[in-house]
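**Student:**
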Amino acid sequence: MTLDKKHSINNILEENRLFPPSKEFSDKSNIKSFEELQSLKKQSLENPTKFWESFANSEIDWFEPFQTVLDRENAPFFKWFKEGKLNITYNCLDRHIKNGIGNKTALVWEGEPGDNKKYTYQELLKEVCKASNALKSLGIKKGDLVCIYMPMIPEAMVAMLACARIGAPHSVVFGGFSSESLKDRLIDGNARFVITADGGFRKDKVIELKKAVDAAIESGANKIVEKVIVVQRTKKDISMVNNRDFWWHELLKDQKDWCEPEIMNSEDRLFVLYTSGSTGKPKGVVHTTAGYNLWSHLTFKWIFDIKDDDVYWCTADVGWITGHSYIVYGPLSNGATTLMFEGVPRASNLGAFWEIIQKYKVTIFYTAPTAIRSFMKSGREIPDQYDLRSLRLLGTVGEPINPEAWMWYREVIGDNKCPIVDTWWQTETGGVMISPLPGAVATKPGSATFSLPGIEVEVVDKNGEKVVENEGGYLVVKKPWPGMMRTIHENSQRYLESYWEYISFKGEKNVYFAGDGARIDNDGYIWIMGRVDDVISVSGHRLGTMEIESALVSHKSVAEAAVVGRKDDLKGEAIVAFVSLEKDINSFPEIVEELKKHVVNEIGIIAKPEKIIISDSLPKTRSGKIMRRILRSLAEGEKISGDISTLEDSSVLEKLKEIS
Ligand code: WTA
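Number 520 in UniProt numbering belongs to position 520 of the sequence shown; there are no gaps in the numbering.
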């Protein structure tokens, strides 16, 4: 990891504009002032046990109460609310019906072709119960990992909740991943059951999900996967294997619409979600029931300042953590109305998002900086055609937002009146960690501002020493929190090494290292500087450079590959691959296209390299390590600076300069 090389503080604009929330907004907020926020923070620092205990009791319904708030015995394998018993679907569904809001809309869904559906809390519960009974009828039981590989249709949400209701942890795999990626996740998770669809609609195309499931099974997951449930979405022809594949609608048809929620222990697994790290293999991040329920609930309530009549829309996919926490669990646990959209803006409908906001009178809108930058590029004439006056709060997530995009979002979409919450967090953290609370914090464009109550963060150097103001360093979390990941599936060693042992702290133990660089300015505002490891973010999608390298090297013509990220105005980062070919391969330039296609097949379209540079050899140190720093500079078109004396063969560099 090279903090100072990849990210210099000078990269970050000095940004001094300050946007306090309007008095009108603050007066109506759940947390109304900076003082109120500070007082909550103070309580959390002075007595964390009491702080978490009181929220766990006030926000979550328990079948049996917990006795221990936090068990540190086997830290950093922390346990939260140990003896408690609950079911997250009870908190997301049943309790709202008991509290008299069963007829409130829980889910508004809009399909890409324009079809749509609404579910009240009562209707959603019935559907989830039917699905739960259907899963049970196939022999799925508590503890069985179920893979969900779906388009953005209501059944994806129903499937997740049905798994949670019967205590079967889910492993949702983003529908944009290829069959190869799906296979790896099926095998790693030992998932005997898959819920999928015949396909989905995206960008006016049909995504053939069932075909990808078939391919994943045929190419290696055949010994693992026993049953596949298929939702009918596109009605295109697919093949169904007898006794292995079942139609969702046929399975659900005669099921009872009541299913008793399974009584879960606080620390029972709720889900596994794969994410990229700095080594080749994706990590299965494990989240458990109670802590995740509390953290997704509480952060949603605080950050989105939710009110009874809000229509909330997060544009993420349920295949990512943002979809888990802020389309499904956080909103439903709060009894909110959550909107789900199958498609994305596309050439045939650039105004798709604004049309939905207008149609459903969306009040809170949560999206990614990449999306905002692409809206900027296509011009304000498009959103200006729609009535966006219902909006009262805007959010961003997934990557740093440049002040220019932030200002555009504020002015053009938010009409200068909606506060913006820039939320920093990760798959591993379960919920947001750093964000303004909209009624309490004056925002600065591009800063995620302050950590939330209960979350103590610091910026430190490699030795764990706090850095001075404005100095860049490693972002760490100093105290455990309920929504934290519990481990990496089947790899507790990697959990320790990746997150808890990288920075050597003097005296202090159990400090979580997030993998991001940050700096804190004179006013205490936190500025996220991006990843400091070999993880890149392409259009907000998190990808490991090693993952892409492994995909390239798996091609028969490739001898070696090194992948780096290059700054991109639209996507945040773009993928540049340096590749040396096996001897006797000289089908250039066809090979470049072939390799791009190969990466798409191996991982998915999100990992397609923007540029592949073929070279006889790659710059290496005498000990054989590829010097990525040099490749990064080459990819950026920058002058090579710093020490190159460790280069084994400096003529490689000269050649690369010519062709890059
Ligand atoms: C990045 C997505 C800057 C960061 C929720 C983190 C951000 C990674 C922000 C996690 C933000 C997320 N500002 N960077 N507001 N939010 N990131 O696991 O590098 O897909 O480590 O979770 O996204 O990505 P993940």
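C-beta atoms are modelled at their ideal positions from N, C-alpha and C, and glycine is treated no differently.
For the beta strand (DSSP E) that residue 273 lies in, which residues bound it at each end?
**Tutor:** As a working note, residue 273 is residue 273 in the sequence shown. Element bounds for residue 273: 269-275.
**Student:** For the pair the stretch 624-635 and the stretch 563-571, tell me if three or more CB-CB distances fall below 8 Å.
**Tutor:** Contact between the stretch 624-635 and the stretch 563-571 is present, because at least three Cβ pairs lie under 8 Å.
**Student:** Grab the span of the beta strand (DSSP E) containing residue 257 for me, first residue to last.
**Tutor:** Residue 257 sits at position 257 when you count from the first residue of the sequence shown. No beta strand (DSSP E) holds residue 257; DSSP gives it neither H nor E.
**Student:** My output table needs one value for residue 264: the three-state DSSP class, helix, strand or coil.
**Tutor:** Residue 264 sits at position 264 when you count from the first residue of the sequence shown. Three-state result, residue 264: strand.
**Student:** If you follow the beta strand (DSSP E) that residue 149 is in, where does it begin and where does it stop?
**Tutor:** Here residue 149 refers to the residue found at position 149 when the sequence shown is read from its first residue. Residue 149 -> beta strand (DSSP E) spans 146-149.
**Student:** What are the residues that DSSP puts in a beta bridge with residue 578?
**Tutor:** As a working mapping, residue 578 is identified with position 578 in the sequence shown. In the DSSP output, where bridge partners are listed per residue, residue 578 has 562 and 613.
**Student:** Give every residue of the same chain whose Cβ lies closer than 8 Å to the Cβ of residue 116, excluding the five residues on either side of it in the sequence, and list them in chain order.
**Tutor:** Within the sequence shown, the letter at position 116 stands for residue 116. Contacts found: 108, 109 and 110.
**Student:** Can you tell me which of the three DSSP states residue 529 falls into?
**Tutor:** Your numbering for residue 529 matches position 529 in the sequence shown. DSSP places residue 529 in strand when its eight states are reduced to three.
**Student:** On the premise that residue 182 lies in contact with residue 197, defined as a C-beta separation below 8 Å, what is that separation, rounded to the nearest angstrom?
**Tutor:** Position 197 of the sequence shown holds residue 197. Position 182 of the sequence shown holds residue 182. Going by Cβ atoms, the distance from residue 197 to residue 182 rounds to 13 Å, so no, they are not a contact pair.
**Student:** So the candidates are 491, 478 and 271; which of them puts its Cα closest to the Cα of residue 513?
**Tutor:** Within the sequence shown, the letter at position 513 stands for residue 513. The shortest Cα separation from residue 513 among 491, 478 and 271 belongs to 478.
**Student:** Would residue 142 and residue 166 qualify as a contact pair, given that the criterion is a beta-carbon distance under 8 Å?
**Tutor:** By one-based count along the sequence shown, residue 142 stands at place 142. By one-based count along the sequence shown, residue 166 stands at place 166. Yes; because the gap between Cβ atoms is below 8 Å, this pair is in contact.
**Student:** Under 7 Å: does the beta carbon of residue 568 sit that close to some heavy atom of the ligand WTA?
**Tutor:** By 1-based counting over the sequence shown, the position of residue 568 is 568. Checking the Cβ of residue 568 against the ligand WTA gives no.
**Student:** Leaving aside the five residues before and after residue 524 along the sequence, list all residues of the same chain whose C-beta is less than 8 Å from its C-beta, in chain order.
**Tutor:** The count along the sequence shown starts at 1 and reaches residue 524 at position 524. Contacts found: 450.
**Student:** Three or more beta-carbon pairs under 8 Å between the stretch 577-595 and the stretch 457-473, yes or no?
**Tutor:** Not touching, per the Cβ criterion.
**Student:** What does the Cβ neighbour count give for residue 18, buried or exposed, with the cut at 16 atoms within 10 Å?
**Tutor:** Translated into the one-based positions of the sequence shown, residue 18 becomes position 18. Exposed.
**Student:** Under a Cβ-count criterion, where at least 16 other Cβ atoms within 10 Å of its own Cβ denotes burial, should residue 282 be classed as buried or exposed?
**Tutor:** In the sequence shown, residue 282 corresponds to position 282, counting from 1. By the 10 Å Cβ count, residue 282 comes out buried.
**Student:** If we ignore side chains and look at the alpha-carbon of each, how far apart do residue 596 and residue 375 end up?
**Tutor:** Locating residue 596 in the sequence shown gives position 596, counting from the first residue. Locating residue 375 in the sequence shown gives position 375, counting from the first residue. Near 27 Å, if we compare the C-alpha coordinates of residue 375 and residue 596.
**Student:** Is any heavy atom of the ligand WTA found at a distance shorter than 7 Å from the C-beta of residue 514?
**Tutor:** Reading the sequence shown from its first residue, position 514 is the one you call residue 514. Yes, the ligand WTA has a heavy atom inside 7 Å of this Cβ.
**Student:** Across the stretch 541-549 and the stretch 492-502, are there enough close Cβ pairs to call them in contact, namely three or more that are closer than 8 Å?
**Tutor:** With the cut-off at 8 Å, the stretch 541-549 and the stretch 492-502 do not touch.
**Student:** Whole angstroms is fine: what's the gap from residue 177's alpha carbon to residue 570's?
**Tutor:** Stepping through the sequence shown from its first residue, residue 177 is reached at position 177. Stepping through the sequence shown from its first residue, residue 570 is reached at position 570. About 21 Å.
**Student:** How do the stretch 392-410 and the stretch 345-356 stand: do at least 3 beta-carbon pairs fall below 8 Å, yes or no?
**Tutor:** Segments in contact, no.
**Student:** Indicate, with yes or no, if the ligand WTA has a heavy atom lying under 7 Å from the CB of residue 669.
**Tutor:** What the structure shows of the chain is the stretch from 1 to 660, and residue 669 is not part of that stretch, so it cannot be assessed.
**Student:** What does DSSP give as the partner residue(s) for residue 71 in the beta ladder?
**Tutor:** Residue mapping note: residue 71 aligns to position 71 of the sequence shown, counting from 1. Note: residue 71 sits in a beta bridge opposite 79.
**Student:** Does the beta-carbon of residue 649 have 16 or more other beta-carbons within 10 angstroms, so that it is buried, or is it exposed?
**Tutor:** Start at 1 with the first residue of the sequence shown, and residue 649 comes out as number 649. It is exposed - the Cβ of residue 649 has fewer than 16 other Cβ atoms within 10 Å.
**Student:** Between the alpha carbons of residue 601 and residue 220, how many angstroms are there, rounded?
**Tutor:** Along the sequence shown, one-based indexing puts residue 601 at 601. Along the sequence shown, one-based indexing puts residue 220 at 220. Distance between the alpha carbons of residue 601 and residue 220: 15 Å.
**Student:** Going by DSSP, name the residue or residues bridged to residue 313.
**Tutor:** Here residue 313 refers to the residue found at position 313 of the sequence shown. 339 and 365.
**Student:** If you reduce the DSSP assignment to three classes, tell me which class residue 512 lands in.
**Tutor:** The residue given as residue 512 occupies position 512 in the sequence shown. Three-state result, residue 512: strand.
**Student:** Does the pairing of the stretch 242-256 with the stretch 118-132 give three or more beta-carbon distances under 8 Å?
**Tutor:** Judged by Cβ distances under 8 Å, the stretch 242-256 makes contact with the stretch 118-132, as three or more pairs qualify.
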